[in-house]
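Everything below concerns the one structure shown next.
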Amino acid sequence: MEEHVGPSTHNNSQLPPTASIPLPVITSIDALTSADVRAARTSMVGTTTPDINTGALAAPSTTVVVDRNKVNLESHQLVWLDANVNNSEHEDTTVTLAGLRKIIDYTKLFDNISECKEYLKSTENGSTFLVTSGSFGQTFVPEIHEVEIIYKIYVYCGNKEFHQKWASKYSKTKNRIHIKLDELLNDLTNDVREYLKSEIAGTIMNLSGKEDQTTDVFCSWWTHTFDLLCCLPYPMDCHQKLVDTLKSYYEGKENEMKVIREFEISYEPKHAIWWYTRPTFFYAILNRSLRQHNIELIFLFGFYIKDVYYQLKDEHEKLKLKHLKEPKIKLYRGQLMAMNEIKKLKEIDGPNYIVNSCLLSTSLNRSVSLEFLKSADKSEGLEHVFFEIDIDTRKLARPYGNISHLSYVTAEAEILFMIGVIFRITKGNVTYNNDDKVWIIKCSSSFDSILDFESAFSTGSQRRILKNSINKFWHNSTKMPTRKSEDVNMLFNELIKLFPLEEDWILSYKLCCLADIDMWHEKSTSALSQYDEAINIWLNYLKDDELNCSIDIGEIHKDIGTVYQIYTDDTNRAEEHYKMSFSYLQSAIERSTTEQEKIDILVKLISIVIECELYESLDKYDDALIYYEKAFEAAVKSKDSRWIEIACDNMIETYIKHKNDYQSALKYQLIRHEHILKDNTPQIWDDIDETSCKKAEIADSHIRLAESYILLDQHDLVKLHL
């Protein structure tokens, strides 16, 4: 079966028919108006949408069953605590689960404090709207008021004056005391509406910090997870699997079922952004899964995220062409943000980076964005934040583009950024504007040096593309200390669900990732065991030319060699595995099918020689130079200046320190200098720090050349470089 690897080829001339805008979860009172939605969208929100691929990699699918009693797919919930909540004899005070689900889909009812408290303790994410009886509330509210997930608290009682006295002491219950059920439900509905508007304009930029909330952009395996999702050759049944899962979850909710049926019948990749910008539960579920790093849900939406990526990629190219003469753009985004996140940014000492963990919407219109932000309801603990973002369309970056013509709600000049785009912020660029009563954060687009995930996936069979995608993910994302074994297990379990016919060799990658984690924790015995198991799996595929697993066996032998060299100090075993690694990778080059794959293998060969430094540690400098020369030749073939410079560095050091061969050292010093000058050529989009770094690199290279000439007593040339 044919597989959709690249962007959708459907034409974009016909968007889905415009329908009335259904509110994601509120269906009992009035829904959001078009003006509400327009304002929320204009305020700068993120956006997401799917991509359906075909393929023969997967067995017949099964519906992902979601137990709605245990799983909340949305960003908020309602908890109702009242001794009479399930007592049908009190009809005037009784609420039904079905009735409350019309206001907030995920609703839990409790008739005693202890069970309610335990449930709230077990709830890790999202926002909770809590309704409590007066008698329970007087005891319960003081205990749970400061719990972070509690968003607002409502007291339902028979004596408003009495309960107002104690409730007024707590900000989350203030002015939310009700003796009539319909008034309480109206108040709750209005607050949920405001919450959803705030969520649309909510915090979706991640800063340097904790992995569960914020991430260092250069260490985030979460970003690489999306790179993987945008490359996978999805089976054709992925769309139906998502539909069936949503039908199972929203069974009995007609409004939601109507939207699901429409998505089932009419969705096409060219409508990805249209579906994301349409304010339904679909958007809310996707955003929740993105914010909470919910791997199972993210994979369920994977085909859709890929479709969004390729739509944005097309729009990115259009935007760059449009701004050839004026490549610098000023964008704006208003959002609510926690004060502790603002403080992190304010305390930055020197340049730092922000990565958007969801789709990020911005606008060219400053006044509209600012006015919406100032009108937004500021909840406790959140501050109004206004981002001023300088973009240079000439810089390499994940895609972004003007989606106004693709959006469900028409908005002027809405620029949407893909997940993982990097922004740069410097010291002093976080200030408070007393006139507008908002925090101003100034940042700029940053060069994305890790944007290489597409290179090996544009050609080849579905199995080859799948294998290359997972291999790239393994190297880009898991060889770092920030990943967790439970996340790795979950991610690979989802991959196996998607591609069950390839379970065995996918499992080998999982073993390698877990072994990498063991290496970081210096568990060498466990790491070696899992590497060995992975190799044994791959040995069964040696004759499978489609997979070319010699690449993977070679890489695993390199990792085993590293364990022996660094953690067990067994240099003989290390040398044995490094040689096996080199041999397998050379064999892989002969079986490679694309030029890009050959280059990738060459880079792996270079890394074995350069990173291991085994022969130098054994004082075998002649052997070291032989392998460094091989690494240099591979680097030249790969045309990767970074590796050429590194290979030169190793040869220069060995020739000078251990061979006293200054003439040979000079040869590679000159080659290195040539590449340093090329790589650090000033660009008009460079900022002050980038310009300074480039000048420092060039100056250092001149100094190193001068030192080489000093060793050769060529003093005239020394002066030339100082």
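The opening position of the sequence shown corresponds to residue 224 in our numbering, with each subsequent residue numbered one higher. Note that beta-carbon positions come from the ideal geometry of N, C-alpha and C, so glycine has one too.
The shortest CA-to-CA distance from Leu945 to any of Leu605, Asp923, Leu934 and Leu762 is the one to Asp923.
Secondary structure at Val632: coil, using DSSP grouped into helix, strand and coil. Put simply, of Gly360, Leu737, Glu564 and His386 the residue whose alpha carbon is nearest the alpha carbon of Val608 is Glu564. Straight-line spacing of the CA atoms in Leu721 and Pro458 works out to 7 Å. Setting aside the 5 residues that flank it on each side, Gln361 is surrounded in the same chain by His386 and Trp389, each with a C-beta closer than 8 Å to its C-beta; the list follows chain order.
When secondary structure is reduced to three states using DSSP, Asn588 falls in the coil class, being assigned neither helix nor strand. Cβ-Cβ separation between Ile488 and Lys470: approximately 13 Å, too far for a contact (criterion under 8 Å).
Beta-bridge pairing by DSSP links Trp303 to Leu332 and Val354. Val632 and Glu756 have their C-alpha atoms some 53 Å from each other. In the three-state DSSP reduction, Gln558 falls in the strand class (E or B).
Looking only at Trp445, Cys871, Tyr374 and Ser630, the smallest Cα-Cα distance to Lys853 is reached by Cys871. Per DSSP, reduced to three states, the secondary structure at Val859 is helical. By the 16-neighbour rule on beta-carbons within 10 angstroms, Leu547 is exposed. Within the segment 432 to 516, the complete alpha helix (DSSP H) segments at least 4 residues long are 444 to 452, 461 to 472, 477 to 489, 495 to 500 and 504 to 514, listed from N- to C-terminus.
Annotated as distal: Leu296 and Arg501, with beta-carbon spacing of 8 Å or more. By the 16-neighbour rule on beta-carbons within 10 angstroms, Ala919 is exposed.
Exposure of Thr904 is indicated by the presence of fewer than 16 other C-beta atoms within 10 angstroms of its C-beta. Distances from the alpha-carbon of Ala620 to those of His628, Leu419 and Phe640 put Phe640 closest. In the structure shown, Ile638 falls within a strand segment according to DSSP collapsed to helix, strand and coil.
Take Asn656, set aside five residues on each side of it, and the residues of its chain with a beta-carbon closer than 7 Å to its own are Ile663, in chain order. Between the segment 773 to 786 and the segment 803 to 819 there are three or more C-beta pairs closer than 8 Å, enough to call the two in contact. DSSP lists no bridge partner for Lys395. Separation of Ile774 and Glu818 (C-alpha to C-alpha, rounded to the nearest whole angstrom) is 15 Å.
Of the residues Val859, Val941 and Ser684, the one whose Cα lies closest to the Cα of Leu455 is Ser684. Thr654 is classed as exposed because its beta carbon has fewer than 16 other beta carbons within 10 Å across all chains shown.
Exposure of Ala321 is indicated by the presence of fewer than 16 other C-beta atoms within 10 angstroms of its C-beta. Relative to the Cα of Ala888, the nearest Cα in the group Leu928, Ile907, Tyr850 and Lys917 belongs to Leu928.
Nearest to Ile326 by alpha-carbon distance, out of Leu301, His938 and Thr346, is Leu301. Just so you know, the alpha carbons of Lys392 and Leu605 end up roughly 20 Å apart.
Note that the C-beta distance between Tyr490 and His516 is not below 8 Å. Judged by their CB atoms, Leu304 and Phe359 are nearer to each other than the 8 Å cut-off. Under the three-state reduction of DSSP, Tyr377 is assigned to strand.
According to the DSSP assignment, Lys665 belongs to no alpha helix (DSSP H) but to the beta strand (DSSP E) extending over Val661 to Ser668.
The residue among Ser915, Lys917, Ile614 and Asn883 with its C-alpha nearest the C-alpha of Ser931 is Asn883. When DSSP states are grouped into helix, strand and coil, Ile758 belongs to the helix group. When the five nearest sequence neighbours on each side are left out, the beta carbons in the same chain lying within less than 8 Å of the beta carbon of Ile693 are those of Leu451, Leu718, Ile729 and Tyr732, in order along the chain.
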